[in-house]
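Reviewing the structure listed below.
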Amino acid sequence: MNWDLSSDLIGEIVDGIDSNRAVKEVIPLMSKLYEQFTNADETSKGYISLLFQNSILQFLDKENLSPTLIEKILIFMKDIFVAKLHIFFDKFTLVTILIQLLIRAREQKFELFEEIGNLALEVCNLSIPDKIQPNEAAYVVSESINYATKSTLIHGLNALILTNSCAHLMGPDVKMILPGISVAMTAVIQTKGTRHKILCEAMSILEFTWSNVKFTEQDAPKIGDLIKRILTVEMQHWKARISRVNLANTLITYQKEIMKQYISPCIRCLFAAVCDESLQVKQAVSPIIEQISGDIIISGEFEQCVIDLTRCAKLSDDLKRLNLLQTISGIILINKDKNNGFEDQILTSLSSLATALIFVSEIEISDKKYCEVDDGFLVHRRPFLSTSLLMNTFETIVINLPADSFVEVLIDILNQSKSSAPEVFYIFGLLKGLADERLIMDILEEPQWWNLKEDDKRSVLALELALEVTSQYCDTDVMQNMLARIIECMASPYPSVEQTAHVALKKIAKDGDIATLLMQNADYLTDRLMARLQFIDIHPEILTVFSAILTVEGDVSNLLSHIIPRIFEILDTKDNLQMPILRMLSRCAEKMPAVCDDIVDRCIHFILSPSLSQQTAALDAICVALPKISDEEKLLPMVHQMWGPSILILNSSVDNQTPAAASAVNIVKTALQVARSFVKQRVGEQLSLFSAVLIGCLRKLEGNIHNESAFAMAKNILDLFACSYDGEVIFVGRELEMFNLLLNCLPKKVNEVIRVMATNVLWNLFNSDKPFLLTLMMEVANKIPVSAKKTTYFKILPKDVVIYIGKLLDPPKPSVVN
1 MNWDLSSDLI GEIVDGIDSN RAVKEVIPLM SKLYEQFTNA DETSKGYISL
51 LFQNSILQFL DKENLSPTLI EKILIFMKDI FVAKLHIFFD KFTLVTILIQ
101 LLIRAREQKF ELFEEIGNLA LEVCNLSIPD KIQPNEAAYV VSESINYATK
151 STLIHGLNAL ILTNSCAHLM GPDVKMILPG ISVAMTAVIQ TKGTRHKILC
201 EAMSILEFTW SNVKFTEQDA PKIGDLIKRI LTVEMQHWKA RISRVNLANT
251 LITYQKEIMK QYISPCIRCL FAAVCDESLQ VKQAVSPIIE QISGDIIISG
301 EFEQCVIDLT RCAKLSDDLK RLNLLQTISG IILINKDKNN GFEDQILTSL
351 SSLATALIFV SEIEISDKKY CEVDDGFLVH RRPFLSTSLL MNTFETIVIN
401 LPADSFVEVL IDILNQSKSS APEVFYIFGL LKGLADERLI MDILEEPQWW
451 NLKEDDKRSV LALELALEVT SQYCDTDVMQ NMLARIIECM ASPYPSVEQT
501 AHVALKKIAK DGDIATLLMQ NADYLTDRLM ARLQFIDIHP EILTVFSAIL
551 TVEGDVSNLL SHIIPRIFEI LDTKDNLQMP ILRMLSRCAE KMPAVCDDIV
601 DRCIHFILSP SLSQQTAALD AICVALPKIS DEEKLLPMVH QMWGPSILIL
651 NSSVDNQTPA AASAVNIVKT ALQVARSFVK QRVGEQLSLF SAVLIGCLRK
701 LEGNIHNESA FAMAKNILDL FACSYDGEVI FVGRELEMFN LLLNCLPKKV
751 NEVIRVMATN VLWNLFNSDK PFLLTLMMEV ANKIPVSAKK TTYFKILPKD
801 VVIYIGKLLD PPKPSVVN
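Start counting the sequence shown at 1; every next residue gets the next number (the UniProt record's numbering).
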C-alpha cells in the first residue's frame with residue numbers, strides 16, 4: 001500500500017474542508033480514501049484509521065459539510081468500529097458531536113436525512129464507552145430520548161437503543177432521570193404503537209429503570225398514571241405484548257408495596273395475557289401468573305373488572321372491552337381449579353357478571369336483510385363482540401363458569417326482563433353439554449317465546465334463537481314436545497323464523513331427513529294437528545302449518561293421510577277457510593296421488609266461483625291432480641265435467657286476460673295430455689276461441705309490453721298449440737288458419753319469447769303436414785295478378801316474417817323456451 005498517497009489524500013481533504021471546497025473536490029477524494037481503506041491490510045487500515053480520526057473526524061461539527069460528505073465520514077467511522085480498530089478519538093466527545101449533528105440534521109432538514117440519522121445513531125451506539133460518568137450518561141439519555149420522541153419512525157429504534165445502552169451504564173444512578181425517561185418512553189409507546197421493535201425497546205428501558213430505582217410515595221401516583229396509559233395501548237405484535245407482560249411483572253415484583261394502590265392495571269395485564277391469541281404470550285405469562293394467582297387481591301380485582309365491564313359493555317372502545325373480557329377470563333381460568341375460595345367469589349359476583357355478559361353480547365336489531373349463514377342458521381350481528389377474538393374470549397368465560405348456577409341466574413334475569421331473551425338463549429346454546437339440559441328446555445318450552453302476538457323485532461329475534469338452541473338440545477326425551485312448535489314456525493309470516501325453523505328441523509333429523517323425522521313422530525303430530533282442526537272456530541294458522549308440512553321434501557304421506565279427510569270436511573263446510581285450502585291442494589296432489597280424484601272432484605265445484613282467486617287455485621290443483629289419476633273410468637268423467645266451465649271462463653276472457661283464464665288454458669292442455677283421444681275434437685273446435693284470445697293478448701302487449709297477464713296467457717296458448725302437435729294432430733284441415741294466426745306473433749315488435757315459441761309451432765306445423773307449404777304458396781299466389789312475377793308475392797309480408805317462412809324450407813332444430 002502507498003502510505004504517502006493516503007497521507008496526501010487526507011491532507012487534501014482537510015485543506016478542502018477548510019477552504020469550503022467540500023462538495024466539488026473533497027467528495028471524490030473521500031471516496032478514493034475509503035477505497036484504499038477497504039482494500040488495505042490490517043496494518044494499513046490501522047494507519048489510515050489513525051490519520052482519519054486525528055485529521056477528519058473533528059470536522060463533523062462544521063456546518064459547511066455537505067450531507068454527502070457527512071454520510072461518507074459516518075460510513076468510514078462505522079467501518080472502523082466494525083473492524084475493531086483502535087479508537088483514538090474521545091468516545092464521549094464523538095457521541096456528543098453526533099447527537100448535535102442529529103439535531104442539526106433534523107432542524108435543517110438535511111438531504112439524506114434518513115441515511116445520516118441511522119448512521120449517526122449506529123456510530124453513537126458503537127461509541128458508548130464501557131465506563132461513563134452518570135452525568136455524561138444522563139446527558140446522552142436526555143438527548144437521545146428527546147430525539148426519539150420528536151423524530152420520525154425512521155430513527156426511533158436506533159435512538160432508543162442508544163438510550164437503553166446509556167441507562168444500563170448508569171445503574172442505580174438512573175434515578176436521576178426517572179421522571180424524564182418514564183414520561184418519554186410512555187410517549188414513544190403511545191405514539192409509535194404500530195412498530196413492535198420500538199415498543200419492545202421502550203418497554204425494555206422502562207423495565208430496567210423501574211427495577212433499579214426505589215420509588216417514593218411521590219413517584220407512585222405519577223408512575224401509576226403512566227402504566228395505565230401504557231397498558232391500554234393496542235399492541236398487535238406478540239413480541240410487544242410479551243414486553244408489556246414483562247413490564248407489568250417488573251412493577252409487581254419490585255414496586256408492589258409502594259405501588260399497591262396503582263398496581264391494578266398490571267394485574268389485569270397479566271391475567272389478560274392468559275387468554276391472548278398468541279401461544280408465545282401465553283407461555284411467557286404462565287410462570288409469572290403462577291406467583292400471584294393465589295393472592296387475596298385477585299378476588300377484589302375480579303369483582304372490579306365485572307363492574308367495569310358492565311359500565312363499558314356498550315361503549316365504542318373495543319380494546320378496553322377486550323382487555324376486560326380477557327382479564328375476567330384469565331382470572332377464572334387460573335383460579336377456578338387452584339383457588340378454593342375463588343369459587344365462592346364467582347358465585348357472589350355471578351349475577352353482576354351475567355348482566356354484564358348479556359349487555360356485551362347484545363344482538364343488533366336491524367331492518368337490513370341477513371346475508372350470512374352459519375351451518376344454515378342466520379348470523380346475527382353483535383356490535384360489541386365484533387371480532388373473533390372478542391367472541392372467543394366471551395365464550396371462554398361462559399363455558400368456564402359454574403354452569404347450573406349460571407343458568408339459574410340467567411333465568412332470574414329473564415324473568416325480570418323478557419327483552420334479554422335473545423342474548424340469554426344465545427348463552428344457553430354455548431352451555432350445551434355443561435348445564436342441566438332439562439332446566440334449559442323447561443324455559444324454552446314456555447309458550448311466551450313461541451306465540452308472537454305483535455310485530456316486535458326482539459320477540460321475533462328471541463324466537464329465532466329459541467329455534468336454534470332447541471335444535472341443539474332437542475333429543476328424544478323432549479323431541480315430541482318441541483317438534484310441533486318447530487313445524488308451526490315453518491309457517492311463520494316472518495321469513496327469518498321460517499328459514500330458522502327449516503334449518504332447526506334439518507339439524508334435529510338424522511342425516512337431515514326431515515320427512516323421516518316427521519313420519520317417525522306421525523302419531524303425535526297427527527293427534528296435535530287433529531286436535532286443533534276439531535275446534536269449532538278453526539284458526540287459519542293451523543292450515544298454514546299443514547301447508548308447511550307439504551313443503552318438506554320426501555314422503556310424508558302417512559302423516560298427511562290422517563289429516564287430509566278433515567281438511568276436505570273443512571273445505572266443504574268453512575267458507576272462510578276455502579281459499580287457503582284450495583291453495584294447498586296442488587301440493588297435496590303432488591304428495592298424495594291417492595287422493596287426487598277427491599281433489600279434482602271438490603275443485604270442479606269451485607271453477608265457476610265468483611272469486612277469481614278461488615277459480616285460479618281450483619284450476620291449478622286440477623292441473624296437478626289430473627295426470628296422477630290412472631283409472632280412466634274416473635278420469636274421463638272428470639275431464640268432461642270440468643271442460644264446459646273451463647271453456648266458459650275462456651270465452652269471458654277474450655278481452656280481459658285473468659289468471660283464472662290462463663289456468664283454464666292449462667286445463668285444456670292437461671286434458672289433451674291425459675285424454676287426447678277423448679278431447680281431440682273438442683280442442684279442435686275451439687281454435688277460433690284460442691285465436692281470439694291470442695290476438696287479444698298481442699294487442700294488449702302492443703300497448704304495454706310489461707302486461708304480465710297478457711304475456712302469461714299468450715305463452716299458455718302457444719304451449720297448447722305446441723302440445724296439439726305432440727302426437728295425433730288436432731287441427732286437421734285448418735293449417736292455413738293456424739299459419740295466419742302465427743304470423744301475428746312474428747314481427748320484431750313482439751316479445752322475443754313469444755316469437756320463438758311461435759316459430760317452434762310453425763316448425764311443428766310444417767312437419768305434421770308438409771303439403772301444407774304447397775297449399776300456402778298457391779293460396780298466396782292466387783292473390784297476385786298473372787302478369788306479375790310470382791316471386792313478388794312475399795312483398796306483402798314483413799321482411800322478418802319472410803325470413804321465418806324461408807326457414808321453414810330448411811327448418812332448424814326448435815329452440816327451447818323456458
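We treat Cβ as the ideally placed atom computed from N, Cα and C, and that holds for glycine.
For V95 and I128, believed in contact at Cβ under 8 Å, the rounded distance:
7 Å
Do A661 and I649 have their beta-carbon atoms positioned less than 7 Å apart in this structure?
yes
Using the C-alpha atoms, what's the distance from V285 back to V233?
18 Å
Report the three-state DSSP secondary structure of F606 (helix, strand or coil).
helix
Quick check on DSSP: helix, strand or coil for F711?
helix
I need the straight-line Cα distance from L608 to Q615, nearest angstrom please.
6 Å
Buried versus exposed call for V816 [16 or more other C-beta atoms within 10 Å across all chains shown]:
The predicted position of V816 is uncertain, since its pLDDT is 46 and thus under 50; a value taken from the coordinates is nonetheless stated next. It counts as exposed.
Apart from the five residues just before and just after F271, which ones in its own chain have a Cβ nearer than 6 Å to its Cβ?
T327, G330 and I331
Under 8 Å by Cβ, that's how I've got S211 and Y147 pegged, so tell me the actual separation to the nearest angstrom.
S211 to Y147, Cβ: 25 Å. No contact.
Do the segment 172-190 and the segment 95-115 meet, that is, are 3 or more Cβ pairs less than 8 Å apart?
no
Along the alpha helix (DSSP H) that carries N249, what are the first and last residues, could you check?
W238 to Q255
Can you tell me whether DSSP reads V545 as helix, strand or coil?
helix
Exposure of G16, with buried meaning 16 or more beta-carbon neighbours within 10 Å
buried
Boundaries of the alpha helix (DSSP H) in which E114 is found, first to last residue:
F113 to S127
Nearest-angstrom Cα distance between A491 and T551?
10 Å
Roughly how many whole angstroms lie between the Cα atoms of V469 and V595?
38 Å
Alpha carbon to alpha carbon, how far is E708 from F721? Give it in angstroms, no decimals.
20 Å
Between E445, D527, L247 and Y494, which has its C-alpha nearest residue 831's C-alpha?
A question about residue 831 goes unanswered here, because the residues of the chain that appear run from 1 up to 818.
Can S646 be considered in contact with the ligand ATP, in the sense that its beta carbon sits closer than 6 Å to one or more heavy atoms?
Absence of the ligand ATP is noted for the structure shown, with no ligands found whatsoever.
Is the segment 501-518 close to the segment 570-581, with three or more CB pairs under 8 Å?
no
Who are the Cβ neighbours of R241 in its own chain at under 8 Å, not counting the five residues just before and after it?
M235, A273, D276, S278 and V281
Of all the options E364, K338, N118 and G11, which has the alpha carbon lying nearest to the alpha carbon of I99?
N118
Tell me which same chain residues have a C-beta within less than 7 Å of the C-beta of G11, skipping the five on either side of it?
none
Do A501 and I486 have their beta-carbon atoms positioned less than 7 Å apart in this structure?
yes
Go through its chain and collect everything with a Cβ distance to S204's Cβ below 7 Å, but skip five positions before and after it.
N164 and S243
Between the CA atoms of P747 and L718 - distance to the nearest angstrom
16 Å
Kindly provide the ranges of any alpha helix (DSSP H) runs that are 4 or more residues long and lie completely inside the segment 645-698, ordered along the chain.
659-674 and 676-685
For L434 versus A403, is the C-beta distance shorter than 7 Å?
yes
By Cβ distance below 7 Å, which residues in the same chain neighbour M30 in space, the five residues on each side in sequence not counted?
I13, L69 and K72
Please confirm whether L518 and V556 have their CB atoms less than 7 Å apart.
yes
Does DSSP put Q58 in a helix, a strand or coil?
helix
Near D655, what residues of its chain come up, given a Cβ to Cβ distance below 6 Å and the 5 sequence neighbours on each side ignored?
G696
R195, DSSP secondary structure in three states
coil
Quick check on the burial criterion: 16 or more other C-beta atoms within 10 angstroms. Buried or exposed for L315?
exposed
Within 10 Å of its beta-carbon, does C371 have 16 or more other beta-carbons around it, so buried, or fewer, so exposed?
With a pLDDT of 49 at C371, under the threshold of 50, the predicted position of this residue should be treated as unreliable, and no value is reported.
What are the start and end residues of the alpha helix (DSSP H) that includes R104?
K91 to Q108
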